[in-house]
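Chains as they are written, first to last, in UniProt numbering: chain A, 1 to 454; chain B, 1 to 283.
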């Protein structure tokens with residue numbers, strides 16, 4: 001291809017062609033002083049998470065890339081004037097002249113690192129990875145919205161920012177910058193998110209339009225918002241002591257009480273698909289004995305924690321008797337409790353006091369109030385559940401592992417072996433997985449994890 | 001640095017050069033047991049923080065109780081609690097209590113306190129001098145401070161309450177409380193105070209602003225209303241810091257838990273929702 005004196009090429013419209021290995025003669029752009037036989041090869045680069053074919057040559061042991069191909073891949077524009085190539089990406093540009101360019105068969109090749117860094121992109125030699133999208137940094141938590149989008153959040157000075165991240169490219173879009181708000185919770189169909197502010201007011205954002213509406217002005221304290229399956233209501237724990245399970249109807253903003261049993265400090269609220277069955281834990285306080293009449297220096301205080309371990313409870317709202325059923329009665333901690341979609345079972349990770357013990361996944365048959373282990377092959381760190389889909393983050397050797405558990409049979413399938421830096425897994429409604437390791441968010445695509453934040 | 005074993009090239013590249021480790025991320029296998037005791041005012045905050053902290057650190061067991069601020073540093077000194085929740089800096093002497101040597105005070109919240117009266121009391125503002133007179137028993141009738149002709153019922157917190165320490169120090173400018181009398185009663189907890197004020201005609205007491213309900217009236221002091229804004233702008237003086245006391249500098253799970261409570265995420269989120277004020281707001 002001959003370059004015209006002034007050529008502006010829309011890189012997005014151009015095509016990547018050559019696949020054959022092509023021996024050609026090369027010459028520098030400045031002159032045709034040194035000639036040597038060079039081969040144009042097709043190499044696979046990973047550009048913003050996608051595999052892209054880039055023509056390369058090896059010149060004196062240095063890999064040079066086709067200026068046109070690399071510009072096309074990152075969406076940059078090329079302007080050629082009087083033998084000077086100017087590449088522009090967004091507001092940054094790089095000028096290639098003289099020995100910076102090697103012309104082979106009418107194609108211009110250059111050393112990629114300097115070019116890409118001038119354009120604000122990153123390139124790591126050896127692995128051929130180019131990132132021109134500004135990846136989101138320092139995210140702290142994430143959740144799936146739909147198969148191509150994750151919601152990711154980070155704390156900033158005075159508040160929090162919530163972003164939508166394209167899982168294919170890592171491209172992010174700010175959804176909400178706020179202060180004094182609860183975490184966003186995503187509706188089951190992935191079309192809306194909800195949150196509360198410091199005054200208890202409830203807000204709903206429609207993701208398609210990014211429009212926010214205040215759904216309720218009720219000023220009671222609302223913790224642990226949970227969407228109803230049909231998206232018409234939000235359930236939550238109400239009050240500074242989480243004493244009540246309540247529901248706000250998003251059509252009229254009215255709050256109704258679902259369970260008011262005068263038991264404080266409920267936690268880990270989980271709701272069945274029909275919105276009628278609830279699982280939660282109750283945290284009891286140790287009994288403290290202290291005689292205020294005695295000399296303070298005597299430290300006449302005693303703490304008795306007997307029988308205060310958290311227990312799992314179940315409530316069927318259809319009974320409307322304000323009498324939840326206690327499902328467990330042991331001394332273990334119950335982490336990540338989750339009710340099944342039909343409300344017939346509950347799952348949790350059991351953790352005992354013994355430092356040498358391991359976490360186990362337990363299943364509770366709610367009707368029979370029986371508890372039995374469902375997975376105890378490895379030390380369980382986390383249960384990530386979506387309805388009846390159960391995934392576990394566990395120990396495995398010197399690293400960690402991700403298992404899929406068949407809720408019906410308890411059969412465990414090893415899905416991924418990962419490093420011990422993985423601290424959290426995130427599962428979607430359709431079994432997609434993401435994970436957080438050392439502050440980086442990665443998504444599993446075709447069985448492999450790719451980071452999409454930095 | 002370890003990473004996914006099934007790793008793409010992109011993932012590998014992203015990891016290189018990113019060496020910082022987030023506390024929360026690195027802490028998923030953090031284990032241990034944390035026992036917290038002390039202030040009843042801080043208990044809802046502590047339990048909410050514990051609930052959130054345990055989601056990221058499930059192997060940390062947290063037990064929290066409350067029997068009044070003074071029992072917090074007492075329990076730490078006795079070695080039966082890792083954290084003593086207290087409504088004053090217990091490394092310093094305060095009226096009624098000597099400092100606790102060897103303990104470290106960690107600020108975790110700003111707690112506004114309100115003077116509260118039964119709904120039937122027709123007074124909306126009192127001066128510091130009025131409050132000193134009422135709580136010492138020298139002023140006995142509401143008509144003497146602009147109200148109706150009715151005897152004042154003084155409700156006080158029991159000795160050892162952090163709310164009492166703060167109220168005496170900030171609202172009464174250190175003046176002593178009355179300790180007995182026909183129209184005087186003491187209650188043990190903030191919840192008991194709430195009940196007493198709501199149900200006792202002509203009663204006056206004090207509590208965390210967060211505990212104030214629409215069944216009572218919160219009074220202005222020296223013409224300044226007890227609001228979060230007035231605390232932050234320095235006009236309202238009756239407030240204090242909530243502290244977590246530890247025996248020496250904390251380590252391990254205790255250190256990480258305190259860091260979580262002090263984090264911007266918790267301070268700007270759940271802490272504000274529970275009607276406390278972030279410690280950063282007072283800088």
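No residue lacks a Cβ here, since even glycine has one placed at the ideal position from N, Cα and C.
The beta-carbon separation of residue 89 (chain A) and residue 135 (chain A), rounded to 15 Å, does not stay under the 8 Å limit for a contact. Residue 72 (chain B) and residue 184 (chain A) have their C-alpha atoms roughly 35 Å apart. The beta-carbon separation of residue 362 (chain A) and residue 374 (chain A), rounded to 6 Å, stays under the 8 Å limit for a contact. Those residues of the region 301 to 312 of chain A placed with their C-beta closer than 8 Å to a C-beta in chain B are 301, 302, 303, 305, 308, ordered along the chain. Per DSSP, residue 249 (chain A) is one residue of the beta strand (DSSP E) stretching across 244 to 249.
Sixteen is the threshold: when 16 or more other Cβ atoms of the shown chains lie within 10 Å of the Cβ of residue 105 (chain B), as they do, the residue is buried.
Taking 7 Å as the CB threshold, residue 335 (chain A) lines the interface with chain B.
In the structure shown, residue 346 (chain A) adopts extended strand secondary structure according to DSSP, grouped into three states. Per DSSP, the unbroken beta strand (DSSP E) holding residue 84 (chain B) starts and ends at 83 to 86. Around the Cβ of residue 249 (chain B), a 10 Å sphere holds fewer than 16 other Cβ atoms; the residue is exposed. For residue 245 (chain B), the enclosing beta strand (DSSP E) covers residues 239 to 247. Cα atoms of residue 178 (chain B) and residue 288 (chain A): separation of roughly 27 Å, rounded to the nearest angstrom. A check of alpha carbon separations from residue 45 (chain B) across A:160, A:262, A:240 identifies A:240 as the nearest. Note on geometry: alpha-carbon atoms of residue 75 (chain A) and residue 68 (chain A) lie some 10 Å from one another. Boundaries of the alpha helix (DSSP H) around residue 116 (chain A): 112 to 118. By the Cβ test, the region 109 to 116 of chain B is not in contact with the region 136 to 150 of chain B, since fewer than three Cβ pairs between them sit closer than 8 Å. The beta-carbon distance between residue 102 (chain B) and residue 255 (chain B), rounded to whole angstroms, is 17 Å. This is too long to meet the 8 Å contact definition.
In this structure, the CA atom of residue 186 (chain A) is about 47 Å from the CA atom of residue 41 (chain A). Distance from the Cα of residue 266 (chain A) is smallest, within the candidate group A:368, A:203, A:280, for A:280. Three or more beta-carbon pairs separated by less than 8 Å are not found between the region 62 to 78 of chain B and the region 147 to 163 of chain A, which leaves the two stretches without contact. In terms of Cβ geometry, residue 318 (chain A) and residue 253 (chain A) do not form a close pair [threshold 7 Å].
Cα atoms of residue 264 (chain A) and residue 49 (chain A): separation of roughly 48 Å, rounded to the nearest angstrom. Residue-level contact check: residue 284 (chain A) does not touch chain B, since none of the beta carbons of chain B fall below 7 Å from its beta carbon. When only Cα atoms are considered, residue 354 (chain A) and residue 32 (chain B) end up about 10 Å apart.
As for any alpha helix (DSSP H) of minimum length 4 sitting wholly inside the region 31 to 104 of chain B, the runs are 43 to 56, 71 to 78, ordered along the chain. When rounded, the separation of the alpha-carbon atoms in residue 208 (chain A) and residue 154 (chain A) is 22 Å. The DSSP-derived three-state label of residue 364 (chain A) is strand. Cβ-Cβ separation between residue 381 (chain A) and residue 393 (chain A): approximately 5 Å, consistent with a contact (criterion under 8 Å). Rounded to the nearest angstrom, the gap between the Cα atoms of residue 437 (chain A) and residue 137 (chain A) is 13 Å. The beta carbon of residue 87 (chain A) lies closer than 6 Å to those of 71, 76, 78, 94 in the same chain, with the five residues before and after it left out. Distance from the CA of residue 62 (chain B) to the CA of residue 334 (chain A), rounded to the nearest whole angstrom, comes to 12 Å.
Comparing alpha carbon positions, the residue from A:109, A:214, A:105 closest to residue 85 (chain A) is A:109. About 7 Å separates the beta carbon of residue 181 (chain A) from that of residue 196 (chain A), a gap short enough to meet the 8 Å contact definition. Assignment of residue 135 (chain A) by DSSP, reduced to helix, strand and coil, places it in the coil class. About 5 Å separates the beta carbon of residue 290 (chain A) from that of residue 67 (chain B), a gap short enough to meet the 8 Å contact definition.
Put simply, of A:96, A:106, A:129, A:126 the residue whose alpha carbon is nearest the alpha carbon of residue 115 (chain A) is A:96.
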